[in-house]
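Quick notes on the structure that follows.
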Amino acid sequence: MRGEDVRTLSADVVVIGGGSTGAGVLRDAAMRGYSAILLDKSDLAQGTTGRFHGLLHSGGRYVVSDPGSASECASENAILKRIQAPAIENTGGFFVAVPGDDPDYGDRFLAGAKATGVPASEISVADALRREPRLNPGIFRAIEVEDASVDGWQLVWGAVNSAKQHGARVLTYHPVTKIDVADGAVRAVHCYDQRRDEDVVIECSFVLNCAGPWAGRISELTGLPPVPVIPGRGIMIAMNHRLVNTVVNRLIYPADGDILVPVHTVSVIGTTDSKETDPDHLPIPRAEVQQMLDAGEQLIPGFRSARAVHAWAGSRPLIKDDRVSSEDTRHMSRGMAVVDHLARDGVKGLLTIGGGKLTTYRLMAEHIVDAMGEQLGERRECRTASEEIPYAGGSSSYVVTHRLHDREADRLDDQIVCECELLSKSMFTDLLAEQPTSTLDDLRRQLRLGMGPCQGGFCGTRAAGIAVSEHAVDADRATGLLRLFLKHRWIGLWPILYGDQVRQTALDQWIYSGTLDVEHLPTPSEEVVR
Amino acid sequence: MSESNAKKLRERLNNELKRASLDACVKCTICEQSCPVSAVTPLFSGPKFVGPQAERFRDGASVDHSVDYCSSCGTCSVVCPQGVKVAELNSLARAVLKAEHGVPVRDRLITQTTLMGKAMTPVAPIANAVLGNSAARKAMELVMGVAASAPMPTAHGQTLRGWLKKRPAPTKAPTRGQVVFFHGCAGGYFETEAAKCAVEVLEFLGFEVLVPEQGCCGLAEQSNGLFEQASSSVRALVGQLRKPGVGVPIVSTAGSCGGMLKHEAHEILGLDDPDLLDVGRRTRDISEFLMELHDAGDLPTDFAPIAARVPYHQPCQVRSQGIGMPAADLLRLIPKLEVVESGAICCGIAGTYGLKKEKYEIAQAVGKPLFDMVLETNQGVAACDTETCRWQIAKSTGVKTIHPIQLVHQAYGLGRVEGL
Amino acid sequence: MTLRQAQAAGSPAPGARVIVIGAGLAGLSAALRLAQAGRPVTLVTKGAGGLGLSQGTIDILGYAPERVARPLDAVASVASEHPYASLGADAVAASIAWLRDELGPELLVGDPAVNLHLPTAVGSIRPTALAQPSMVAADVVGGRRYAVVGVRQLKDFQADLIAGNLARSTAPDGGPVAAHPAWIDLPARPGEADPTGLTYARAMDDESFADRFADAVHAAAGECDVVVVPAVLGVRRLGVWRQVSERVGRPVAEIALQPPSVPGLRLDRALLAQVKAAGVRVIQGAAAIGCRAEGGRVASVTVAAAGGPRELAASAVVYAPGGFESGALDVDSHGAIRERVFGLPLSASDAFALVGPDFWAPHPLFAVGVLTDADGRPVAGAEPVLSNLYAAGGLLAGAERWCEKSGDGIAVASAVRAADAIIEGSAA
């Protein structure tokens with residue numbers, strides 16, 4: 000019961016936020032010998048990192064607009080490909096100019112690339128079209144770069160598992176309720192264990208607020224003047240198959256909808272940029288969906304006839320920059336912002352992080368842990384760039400064929416639970432055994448369950464049923480998990496309910512409602528929300 | 000094929016609009032329900048699996064060899080309610096697989112049906128003896144992987160051209176205009192009876208039948224992933240069939256080959272030549288052609304009765320043409336003839352699939368429901384529109400199997416089918 | 000007489016047949032009804048119809064929105080825009096009874112006036128009017144004890160989930176339900192870990208395999224009134240459920256799975272066989288792509304075939320292509336809804352305005368469709384669009400069919416209405 004049971008833990012540093020920033024910081028801190036605990040109010044990488052474009056930047060996007068970012072991206076791109084290859088697919092990237100684009104930008108791009116150390120080389124239009132036949136045949140310029148695609152969850156889980164190997168602890172579904180500040184220093188972090196209905200207190204001497212778009216909210220929990228964080232919302236749409244196998248960018252000054260990224264089995268078009276106030280409520284406006292489809296049509300003629308399979312909104316965590324109007328979030332600096340509360344509020348042991356991008360997460364973490372060390376008056380060496388992050392499946396880069404290859408080998412011996420994404424039963428039950436309190440979405444993020452064309456239509460029931468048979472949950476909770484899964488899938492379906500996906504949804508409803516009558520299952524004693 | 004050529008082929012096929020039909024797949028499993036191969040063996044995971052599902056994972060190297068178990072019967076595409084070109088996706092995947100891993104010599108030889116005909120015909124009795132000799136066949140199985148028990152064509156002493164040259168000139172003057180006759184390799188060399196009957200029926204109906212010099216349509220090459228060879232074969236044939244003039248119907252007794260001209264060369268090989276499209280538009284299976292006449296009120300139906308029960312099997316590559324079952328409709332116009340549709344999806348031979356050692360048992364299992372049905376219902380004769388299917392049925396049941404036009408020929412009083 | 004002269008004279012062209020578009024429940028029913036009345040019928044279909052995806056029962060009305068016990072009574076009280084409103088309960092009852100009698104008691108049993116309540120493959124309880132004889136023993140009645148027997152190799156029947164949910168349910172009559180799971184380990188084919196229900200059903204067509212299945216079920220089931228198993232009890236051989244029940248020694252009932260659905264396939268095969276036996280020409284792989292109209296009538300239907308389109312001369316058309324699930328109703332990327340073949344007016348045109356964020360709320364989008372007159376002819380305003388064009392099945396506006404469990408009843412009743420209107424010559 001709340002208020003009665005309070006678990007007490009202690010650590011040198013508490014990291015708040017389980018996105019790429021927090022995961023990177025946790026790993027770095029743990030490798031430097033700090034005892035560290037990471038807290039997240041829900042699952043890992045449910046925030047910005049779980050809702051981004053899937054792009055590992057080559058730096059090309061920033062060579063003109065933000066040269067500092069460009070250089071950082073270029074060097075971190077190479078580092079991550081070395082230390083976290085299984086999370087990354089070496090797709091390569093193109094920057095292409097379509098009819099009507101600024102004809103001079105290409106030269107500025109190449110000059111900027113040279114100046115910032117971003118590898119870039121011009122290729123012939125014919126070559127670009129040969130390699131990517133779906134591209135707009137009217138493109139007039141093409142430049143090749145080292146963009147790659149990255150699975151944000153694989154990235155975060157990898158870093159977190161590495162951190163755990165170095166002694167760190169991770170508590171998901173533990174929202175922070177209060178941060179104790181006394182005598183000019185941080186003393187403890189209070190949080191609530193949602194699954195066990197229990198309060199937890201963590202005594203610590205440092206708090207790293209890596210909560211992304213929620214960092215402002217977290218800063219309010221200190222009792223200090225809050226840090227103003229503007230969630231800069233952008234939408235993305237996943238198209239059902241890889242329209243391209245190379246990342247394709249528009250060769251223009253950065254704008255909306257100018258990138259198409261092949262990630263796993265889909266291609267993702269994005270993104271937009273609108274100021275929001277509440278990071279927990281990010282709409283997917285109809286007008287923005289149309290804007291993204293138009294943007295896709297510029298790159299790939301016939302894009303509007305291709306199948307959109309899911310849409311989502313993520314928000315960039317931007318700390319308010321007094322130089323630019325707060326309404327225009329795109330032109331805020333992408334660089335990381337570190338608010339040192341010692342300087343700002345006279346409180347030791349608290350840093351709030353904003354901005355940044357996933358590609359440079361490791362470097363961001365390095366800066367943050369360095370800043371922490373500086374405040375603590377010590378200098379411990381960062382080794383995150385040199386140590387490979389271990390993954391269960393080996394250390395080579397991700398290739399999209401790998402699940403097909405694996406299922407070809409084991410399809411006569413193992414069931415396939417999610418046929419769209421070729422997820423085998425063993426993969427599912429293995430993860431479920433490790434993480435038995437997971438929701439189906441928690442599992443989905445790491446396994447891609449329900450992320451293919453049928454969007455859970457065929458695999459949802461199997462997953463819920465197997466969870467019961469594996470004794471992870473009873474039928475009551477399994478029903479709740481299934482309901483939650485369907486409800487969550489819908490969030491990303493209803494804004495793009497057209498074309499082939501409306502047929503799919505009709506069939507899925509026919510199955511779930513018509514054949515299975517899932518809506519008339521005895522409702523769980525309590526609606527499952529996590 | 001070299002690695003770079005394979006890569007080029009993959010680049011050509013990758014992301015093209017055909018591939019985009021995979022977007023229409025809603026995973027409904029209707030194709031898998033109808034697949035005759037996955038019904039008999041777990042080695043093939045079904046058309047949805049190797050087609051629209053696996054295609055989302057394909058880029059670069061071919062990793063799933065099980066696509067080779069697809070027999071290209073085309074049933075999946077016909078039954079798909081969403082318009083996914085499942086069979087075409089499978090064919091493309093197989094072509095890439097073959098490009099990367101090579102096409103066995105055997106597959107190159109089996110596909111040269113015209114060459115076989117030309118080579119075999121002058122020495123027909125010897126050729127037949129070899130093909131009928133089980134020791135020789137065992138040797139072929141070991142060396143080339145052609146199944147010892149698989150049906151092989153019988154060479155004739157006289158080709159169709161030979162017969163056309165030597166026969167007395169037709170006495171009736173044509174009253175209805177011209178048709179171009181496409182006989183296919185079998186009709187030309189191995190199984191000329193159906194072709195002869197077709198020519199005589201068409202002439203009886205008042206058509207002037209033009210039979211240009213014609214080669215192979217390339218279907219066998221295509222289904223073995225030899226896309227370059229298939230393309231040049233079909234292009235040559237198109238030129239030959241257009242020679243007698245445009246605007247003339249092209250009528251065929253080669254059931255499956257008609258499908259190659261009508262749609263497969265375009266859909267699978269990706270050929271867009273206006274000449275090919277023109278030929279495709281004008282091509283009719285002979286039963287289809289006669290039923291169109293009938294529906295327009297222009298087919299004489301004073302048939303002599305044939306008192307017999309005949310099982311009729313429509314080959315998958317005729318069903319996939321989307322013309323219904325005109326052969327059955329046509330045969331039912333003959334008084335006293337009881338036509339029993341096979342209800343079977345595929346005879347198993349699927350062109351050259353069932354000739355292959357490692358596919359032979361699967362092919363026989365696929366065809367078993369058909370063979371059982373033929374054995375149960377036949378009264379001496381069975382009917383089917385494609386020659387390879389006829390050989391498969393005859394070999395597996397011992398029942399004489401003819402082209403439906405041969406029954407029409409008899410019903411018009413132009414001849415008799417032996418054994419009826 | 001040439002085609003043109005015939006049409007000018009108002010009579011159908013020589014060779015003109017009734018064209019039925021669609022091979023789902025509505026299309027097959029209409030074709031059968033027309034052929035039985037002696038009309039020459041050609042049925043054209045893009046692919047196989049949707050019966051193989053359905054649960055193999057005939058739903059008339061399951062929820063309105065509360066659970067319905069007597070569907071014909073509920074049919075009589077539907078809203079005016081519901082397809083049942085113009086059909087009427089008597090017509091619905093008569094057409095369902097007709098279909099049941101056509102297919103025979105080996106395939107469909109039940110009384111259209113009273114719903115059965117059958118367990119589903121997640122353990123819910125679903126009302127339906129007619130079911131297959133292999134299913135009715137599972138009718139949920141208070142006090143019944145179920146053994147839910149799953150097959151380890153079959154992933155689409157999760158027995159623990161099903162039994163767990165049944166056990167926490169209340170029967171429609173208010174009584175308790177008891178259920179426990181059990182499992183058997185029986186590969187359908189050696190060396191195969193991932194079979195479908197259809198793989199099993201094909202294996203069960205063989206009597207000795209069905210005996211082995213029954214023996215395994217018998218050994219595993221334990222104490223119960225009814226044994227429920229996944230719907231795998233044969234696909235060609237209809238007596239499998241009887242054989243298995245006898246051998247198990249207790250009533251055995253099968254529960255329909257998600258596709259591939261074996262009971263759906265049984266209905267599909269049977270209905271298609273009847274349609275062909277009645278002399279209907281069936282053309283598969285022939286998507287309808289348009290028509291030629293003359294003098295306010297359909298003169299011919301254009302279908303896609305290999306090599307190029309074909310014109311099929313039509314005396315009348317029954318258009319039963321399905322709704323959104325088949326793509327007959329299409330939504331483009333701007334959200335515009337249209338009917339793809341004839342461009343028929345629809346009950347709404349902007350899809351994005353008809354869906355919202357709440358998954359569990361009704362989705363008005365899926366009730367969009369074609370509006371018809373009392374004979375089933377699509378109308379523009381009050382007038383039929385074409386005097387010999389009729390619509391049936393999922394294309395009709397006014398019902399979110401899978402929520403209320405009404406799709407089959409709407410399909411059959413509207414198909415029979417259309418067929419009868421053509422037979423009785425009410426086409427102008």
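Protein chains in written order, with numbering that gives the first Met the number 0: chain S, 0 to 529; chain U, 0 to 419; chain A, 0 to 427.
The beta-carbon is built from N, C-alpha and C at its ideal position, and this holds for glycine as well.
Since the model is a prediction, treat every value here as computed from it, not as a measurement.
Buried or exposed by the 16-neighbour rule on C-beta atoms within 10 Å, applied to residue i
i, result
"U:LYS164", "exposed"
"U:HIS64", "exposed"
"U:ALA351", "It should be pointed out that residue 351 of chain U corresponds to Thr in this sequence rather than to Ala. Buried is the call here."
"A:THR44", "buried"
"S:ILE510", "buried"
"U:LEU336", "buried"
"U:THR387", "buried"
"U:CYS184", "buried"
"U:HIS182", "buried"
"A:GLU382", "exposed"
"S:HIS280", "exposed"
"A:GLY55", "buried"
Residue i, DSSP secondary structure in three states
i, result
"A:GLY87", "coil"
"U:ASN89", "helix"
"U:GLN177", "strand"
"S:GLN434", "coil"
"A:ASN114", "coil"
"S:MET238", "strand"
"A:HIS362", "coil"
"S:GLY58", "coil"
"U:SER251", "strand"
"S:TYR397", "coil"
"A:LEU353", "helix"
"U:GLU192", "helix"
"A:LEU102", "helix"
"S:SER9", "strand"
"A:ASP377", "Looking at the sequence shown, residue 377 of chain A is not Asp but Pro. Looking at A:PRO377 - three-state DSSP - the assignment turns out to be strand."
"U:VAL83", "coil"
CA nearest to the CA of residue i, picked from the options
i, options, result
"A:GLY141", "A:SER123, A:PRO175, A:THR198", "A:PRO175"
"S:PRO300", "S:PRO132, S:ILE352, S:TYR33", "S:PRO132"
"S:ALA534", "S:LEU207, S:ASP182, S:ALA77, S:ILE36", "Missing from the structure shown is residue 534 of chain S; chain S here goes from 0 to 529 and no further."
"S:SER524", "S:ALA474, S:GLU219, S:ALA181", "S:ALA474"
"S:LYS40", "S:GLY53, S:VAL517, S:GLY21, S:HIS52", "S:GLY21"
Beta-carbon separation (whole angstroms), residue i vs residue j, contact threshold 8 Å
i, j, result
"U:SER255", "U:VAL317", "7 Å"
"A:LEU277", "A:ALA34", "The amino acid at residue 277 of chain A is misidentified as Leu; the sequence shows Ala. Yes, A:ALA277 and A:ALA34 are in contact; Cβ-Cβ is about 4 Å, under 8 Å."
"S:LEU250", "S:GLY105", "6 Å"
"S:VAL144", "S:VAL117", "7 Å"
"U:VAL233", "U:GLY217", "4 Å"
"U:GLY50", "U:CYS75", "7 Å"
Using a Cβ distance threshold of 8 Å, determine whether the region 341 to 361 of chain S contacts the region 180 to 195 of chain S, with at least three qualifying pairs required.
yes
Across the region 472 to 487 of chain S and the region 39 to 46 of chain U, are there enough close Cβ pairs to call them in contact, namely three or more that are closer than 8 Å?
no
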